[in-house]
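S.K.: Numbering (our numbering), first residue to last: 659 to 743. Built from N, CA and C at the ideal position, the CB exists for glycine as well. Quick one: the structure is below, questions incoming.
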């Protein structure tokens, strides 16, 4: 089996996550910049640049379970809080 350059993405939706709004909400409640969130995530060995934080908040990037867990810890909320609509 050969891989082609035109393989479909596993997730091919306009909205890539359901947590972006809540990540932004809780980040702003803490008075934290996207860069500060990025820096604090590094303490959990999660390396997401400021630009990717922006893309998460605008639903343009997926979030892994490891990233979600670390974001909840950094933002001092539960994973369930991040998943609420």
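Looking only at its own chain, which residues have a Cβ that is under 8 angstroms from the Cβ of residue 699, when we skip the five neighbours before and after it?
M.R.: So the list reads 705, 706, 725, 728, 729, 732, once near-sequence residues are dropped.
S.K.: Measure the alpha-carbon distance for residue 720 versus residue 675 and round it to whole angstroms.
M.R.: Roughly 5 angstroms between the two C-alpha positions.
S.K.: Do residue 714 and residue 678 have their CB atoms nearer than 8 angstroms?
M.R.: In this structure, residue 678 lies closer than 8 angstroms to residue 714 by Cβ.
S.K.: Using a threshold of 8 angstroms, state whether the C-beta atoms of residue 680 and residue 718 are closer than that.
M.R.: No.
S.K.: Rounded to the nearest angstrom, what separates residue 739 and residue 683 at their Cα positions?
M.R.: Approximately 11 angstroms between the Cα atoms of the pair.
S.K.: How would you label residue 673, buried or exposed, when you count the other beta carbons within 10 angstroms and need 16 or more for buried?
M.R.: Residue 673 comes out exposed.
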